[in-house]
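My numbering puts the first residue of the sequence shown at 31, with every later residue one more than the last.
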Amino acid sequence: MATLPSQSGAVTLLDMAKAMGPDNKIAATIELLAQTNEMLLDMPWLEGNLVTGHQSTVRVGLPAVTWRRLYKGTPPSKSQRAKVVDTCGMLQARSEVDVDSFIGGDVQQFRLSEAMSFLESMNQTLQTAVIYESETLNQERITGFAPRYSTLNPAVQSSQNVIDAGGTGDDNTSIYLVCWGENTVHGIYPKGSTAGLNHKDLGEIDAFDEDRNRFRAFADLWDWKCGLTVRDWRYVVRIANIDVSDLLAQTGTQAPTAATAIIKLMVKAMARIPMQGMGKCAFYAHRTVKEMLGVAALDKSSGGVLAIQPAINQFGTVAPGSVNNGTLSFLGTPIRTVDALLTTEARVVA
């Protein structure tokens with residue numbers, strides 16, 4: 031007989047007790063686990079042309095042209111195309127709360143509080159997937175940026191947009207420069223479906239415990255059919271192997287005078303984007319990296335280095351509350367906070 035899932039995901043009376051305030055009402059919950067993942071705010075979503083995702087046609091070869099002489103013909107030629115398919119995944123979550131858990135409590139207020147936690151969890155999971163997930167390792171998931179830009183091997187075309195920041199340990203992180211657009215990079219959802227996170231209030235249902243016995247529960251279902259398509263690999267640049275220890279200490283590979291200092295590599299990253307007008311470009315970095323960019327900008331006011339913009343203003347205002355909505359920028363390109371970016375990445379090699 032099949033084994034039913036454990037009830038570890040069920041809301042217990044202890045959970046309800048923790049949610050109650052001194053006045054026996056549902057208390058406001060401080061979301062200590064909330065993250066800032068601004069990439070999802072920038073990411074445009076377009077309907078795929080497949081029920082499973084999106085198929086792109088890319089040109090991989092140009093037609094040959096010739097210099098013609100009088101009385102000499104011109105041979106015919108043609109371009110070459112290839113098809114690239116990106117698939118969507120189905121991200122789901124389900125909540126079932128025993129109806130008797132709410133005796134003396136505010137049912138709707140508690141369910142709303144729970145819903146906020148599911149929204150946060152779905153967002154964090156999707157953001158992690160957009161960066162790190164791989165269909166090769168997990169067929170039911172999507173393929174993010176890191177697997178697509180995972181090597182310095184020149185035999186791999188996308189390696190041209192992977193810049194080595196020199197870190198050799200296992201405390202590395204990355205900065206991504208993404209130029210979002212309809213013909214460059216964007217999120218996808220299956221043909222015939224709707225974009226975004228969908229919520230269904232299933233009402234009061236018969237739920238089952240581990241012994242297949244029924245109990246009445248309030249149920250909710252969250253569903254997000256989503257994927258990522260990189261239609262033109264040239265519009266994403268990864269600055270990999272940023273040694274976090276060096277960055278914090280401003281030494282070694284991240285000393286201000288080092289060739290691998292991230293400010294210099296960000297200039298190189300912008301130069302790798304063929305046409306920034308093709309979409310909306312932004313840098314994405316862990317908040318520790320953004321913190322140190324502010325430090326680096328302040329250091330420039332001490333003189334000796336060519337300032338692209340005066341002192342700390344080259345990166346915008348570095349102050350509480352100023353990290354959102356692109357107030358921090360580099361050469362006019364916003365720098366966004368993505369807490370899902372790891373500071374423990376393995377070294378990217380050829």
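For each residue, glycine too, the CB sits at the ideal point set by N, CA and C.
Since the model is a prediction, treat every value here as computed from it, not as a measurement.
Q) What residues in its chain sit with their C-beta under 8 Å from that of Val-325, if we drop five residues either side in the sequence? A) Beyond the five residues adjoining it in sequence on each side, Val-325 comes within less than 8 Å, by CB distance, of Gln-280 in the same chain, given in chain order.
Q) Between the C-alpha atoms of Ile-56 and Val-127, what's the straight-line distance to the nearest angstrom? A) Low confidence applies to Ile-56: its pLDDT is 40, below 50, so where it sits in the model is not reliable, and the reading given next is rough at best. Their Cα atoms are separated by approximately 15 Å.
Q: Spell out the partners DSSP gives Arg-244 in its beta bridges.
A: In DSSP, Arg-244 forms a bridge with Phe-238.
Q) If we count the other Cβ atoms within 10 Å of its Cβ and call it buried at 16 or more, is Arg-244 buried or exposed? A) exposed
Q) Do Lys-230 and Leu-258 have their CB atoms nearer than 8 Å? A) no
Q. Which residues in the same chain have their Cβ closer than 8 Å to the Cβ of Trp-254, if we skip the five residues on either side of it in sequence?
A. Met-120, Leu-121, Gln-122, Met-152, Leu-156, Gly-226, Leu-227, Asn-228
Q.
For the structure I just gave you, are there three or more beta carbon pairs, one from the stretch 268-278 and one from the stretch 213-221, closer than 8 Å?
A. no
Q. Where do the ends of the alpha helix (DSSP H) carrying Ser-86 lie?
A. Looking at the DSSP string, Ser-86 is not in any alpha helix (DSSP H); the run it does join, the beta strand (DSSP E), is 83-91.
(Q) Alpha carbons only, please: which of Thr-66, Glu-68, Asn-67, Pro-74 is nearest the one belonging to Cys-256? (A) Pro-74
Q. How many Å lie between Asp-194 and Val-267 at the Cα?
A. 11 Å
Q) Where do the N-terminal and C-terminal ends of the beta strand (DSSP E) with Thr-117 fall, by residue? A) From DSSP, the beta strand (DSSP E) with Thr-117 extends over 110-117.
Q | Burial state of Asp-116, where buried means 16 or more other Cβ atoms lie within 10 Å | A | buried
Q. Are the beta-carbon atoms of Gly-174 and Cys-118 separated by less than 8 Å?
A. Using a Cβ distance threshold of 8 Å, Gly-174 and Cys-118 do not count as a contacting pair.
Q: Drop a sphere of 10 angstroms on the beta-carbon of Asn-271, count the other beta-carbons inside from all chains shown, and report buried for 16 or more, exposed for fewer.
A: buried
Q) So Tyr-179 packs on Asn-191, CB below 8 Å; how close in whole Å? A) 6 Å
(Q) Could you tell me the alpha carbon to alpha carbon distance between Thr-169 and Val-95, rounded to whole angstroms? (A) Contrary to the premise, residue 169 reads as Gln rather than Thr in this sequence. Distance between the alpha carbons of Gln-169 and Val-95 is about 43 Å.
Q) Skipping 5 residues on each side, what residues in its chain have a beta carbon closer than 7 Å to that of Leu-182? A) Ser-189, Val-192, Asp-194, Val-378, Val-379, Ala-380
Q. Who are the near neighbours of Arg-302 in its chain, counting only those whose CB is closer than 6 Å to its CB and skipping five residues on each side?
A. Asn-191, Val-267
Q. Residues bridged to Ser-359 by DSSP?
A. Pro-364
Q. Roughly how many angstroms lie between the CA atoms of Asp-241 and Glu-234, to the nearest whole one?
A. 20 Å
Q. DSSP beta-bridge partners for Glu-126?
A. Ala-249
(Q) Do Thr-373 and Thr-318 have their beta-carbon atoms positioned less than 8 Å apart in this structure? (A) yes
Q.
Can you give me the C-alpha to C-alpha distance between Ser-204 and Ser-147, rounded to a whole angstrom?
A. Rounded to whole angstroms, Ser-204 to Ser-147 spans 28 Å at the Cα level.
Q.
Let me check understanding here. Comparing Cα to Cα, which of Glu-375, Thr-158, Pro-177 lies closest to Ser-164?
A. Minimum Cα distance to Ser-164 is reached at Pro-177.
Q) For Lys-102, which residues from the same chain have a beta carbon less than 8 Å from its beta carbon, with the 5 sequence-adjacent residues on both sides left out? A) none
Q. Do the CB positions of Met-300 and Leu-361 come within less than 8 Å of each other?
A. Result yes, Cβ atoms of Met-300 and Leu-361 sit closer than 8 Å.
**Q.** Beta-carbon separation (whole angstroms), Phe-313 vs Arg-264, contact threshold 8 Å
**A.** That belief does not hold up - the Cβ atoms of Phe-313 and Arg-264 are roughly 16 Å apart, past 8 Å.
Q) Just reading off the alpha helix (DSSP H) that Asp-276 is part of, what are its end residues? A) 274-279
Q: Identify, in the order they occur along the chain, each residue of the same chain with its Cβ nearer than 7 Å to the Cβ of Ile-161, setting aside the five sequence neighbours on each side.
A: Contacts found: Gly-174, Phe-175, Ala-176, Ala-370, Leu-371.
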